[in-house]
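J.: Residue numbers (full-length UniProt numbering): 1 to 308. No residue lacks a Cβ here, since even glycine has one placed at the ideal position from N, Cα and C. Predicted model only: the values in this text are computed from it and were never measured.
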């Protein structure tokens with residue numbers, strides 16, 4: 001039995017990455033139209049202090065393409081390959097995020113993702129406006145920092161994200177996610193109403209790690225509880241029955257990522273996880289429905305274009 005009464009939540013990863021361009025307003029709208037309990041997405045911080053939606057700290061040619069400079073003769077152009085922290089919002093806005101361009105044929109998403117050329121990247125505020133319109137759907141906002149960031153930078157970024165959620169009236173429906181657990185410390189201090197999700201993967205659970213805000217990786221569930229996490233979110237390879245039992249022992253819900261195959265979804269349900277993060281919410285809905293478990297209602301909304 002999991003901690004939310006026998007049901008398993010559906011969390012759309014980067015919106016619905018397997019079906020629509022990741023971390024975009026059309027992707028979020030599609031996840032909502034399918035029916036999800038939460039939309040997970042990633043945020044970065046521009047040079048002029050605006051939280052924006054994108055997974056990679058350094059813009060990747062896999063999902064970002066230059067369209068032209070923000071201003072004629074901009075010496076920073078091209079922008080792909082640069083860190084978001086080096087770019088202004090105006091520069092970031094020029095990117096086309098609607099077509100996946102993998103370097104080889106091994107990328108599974110290019111076969112299932114509908115291209116939407118011309119899709120611009122949104123700000124956190126725009127993502128909040130869209131997702132926040134769906135009754136009851138939570139926002140799972142991953143802050144993309146790493147141990148190379150200073151404590152002051154982490155604090156400033158976390159506060160900026162929390163302020164956007166609060167201004168939109170979404171603090172009670174929002175969660176901040178982080179591998180860099182200093183984000184969780186800052187969120188607990190500045191925005192205690194937000195949920196705090198402790199992300200872990202194999203590279204962050206090694207001895208001497210800088211990812212866990214100085215805590216030992218030996219017992220991740222206990223460390224997450226100590227840091228003030230409200231959810232523990234392991235990668236799928238870590239989500240063994242023993243891992244789930246350890247989290248259950250300290251009353252921490254488990255949200256496993258990223259699970260895309262129905263057979264593995266079934267195994268995760270059998271292990272008692274509370275939520276499954278997936279690129280294919282449609283597949284997870286089918287798995288849960290076949291087991292007689294509840295699924296969230298769809299919500300359809302028009303997709304506004306990002307403002308300039």
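1) Using a Cβ-Cβ distance under 9 Å, would residue 165 count as near chain D?
2) Any idea if residue 269 is buried or exposed, counting beta-carbon neighbours within 10 angstroms, 16 or more meaning buried?
3) Any idea what DSSP makes of residue 195, helix, strand or coil?
4) Do you know offhand how far residue 146's Cα is from residue 209's?
5) So what does residue 13 bridge to, in DSSP terms?
6) Going by alpha carbons, who is nearest to residue 90 out of 291, 71 and 142?
7) Where does residue 262 sit, in a helix, a strand or coil, going by DSSP?
8) Using alpha carbons as the reference points, say which of 108, 85, 55 and 93 lies closest to residue 68.
9) Report the rounded CA-to-CA distance for residue 131 versus residue 164, giving the unit in angstroms.
10) Among residues of its own chain, excluding the 5 on either side of residue 13, which ones have a beta-carbon nearer than 7 Å to its beta-carbon?
11) Take the Cβ of residue 106 as the centre, count every other Cβ of all protein chains shown within 10 Å, and call the residue buried at 16 or more, exposed below.
12) Just to confirm my understanding: we take residue 151, look at its own chain, exclude 5 residues before and 5 after, and list those with CB closer than 7 Å. What are they?
13) Compare the Cα-Cα distances from residue 148 to each of 74, 180, 78 and 175 and report the closest residue.
14) Spell out the partners DSSP gives residue 318 in its beta bridges.
15) In chain order, what residues of the same chain lie with their CB nearer than 6 Å to the CB of residue 250, ignoring the 5 residues before and after it?
T.: The structure says:
1) The chain labelled as chain D is not found in the depicted structure, where only one protein chain is given.
2) Locating residue 269 in the chain shown gives position 269, counting from the first residue. Its Cβ being crowded by 16 or more others within 10 Å, residue 269 is buried.
3) For the purposes of this step, residue 195 is taken as the residue at position 195 of the chain shown. In the displayed model, residue 195 falls within a strand according to three-state DSSP.
4) On the chain shown, position 146 is the one that residue 146 refers to. On the chain shown, position 209 is the one that residue 209 refers to. Each residue's alpha carbon lies about 11 Å from the other.
5) What you label residue 13 is simply residue 13 of the chain shown in a count that begins at 1. Bridge partners of residue 13: 40.
6) Position 90 of the chain shown, counted from the first residue, corresponds to residue 90. Scanning 291, 71 and 142 for the CA closest to the CA of residue 90 turns up 71.
7) Within the chain shown, numbered from 1, the residue matching residue 262 stands at position 262. Residue 262: helix per DSSP, three-state reduction.
8) As a position in the chain shown, residue 68 is number 68, starting the count at 1. Comparing Cα-Cα distances from residue 68 to each of 108, 85, 55 and 93, the minimum goes to 93.
9) Numbered from its first residue, the chain shown carries residue 131 at position 131. Numbered from its first residue, the chain shown carries residue 164 at position 164. Rounded to whole angstroms, residue 131 and residue 164 show a C-alpha spacing of 13 Å.
10) Along the chain shown, one-based indexing puts residue 13 at 13. Setting aside the 5 residues that flank it on each side, residue 13 is surrounded in the same chain by 40, 257, 258, 277, 278 and 279, each with a C-beta closer than 7 Å to its C-beta; the list follows chain order.
11) The residue labelled residue 106 in the question sits at position 106 within the chain shown. Result: exposed.
12) Counting from one through the chain shown, the residue named residue 151 turns up at place 151. Taken in chain order, the residues that qualify are 182.
13) For the purposes of this step, residue 148 is identified with residue 148 of the chain shown, where counting begins at 1. For residue 148, the closest alpha carbon among the candidates 74, 180, 78 and 175 is that of 180.
14) What is shown of the chain runs 1 to 308, which leaves residue 318 out entirely.
15) Position 250 of the chain shown, counting from 1, holds the residue named residue 250. Apart from sequence neighbours up to five positions away, the residues of its chain that approach residue 250 with a beta-carbon distance below 6 Å are 221 and 225, ordered along the chain.
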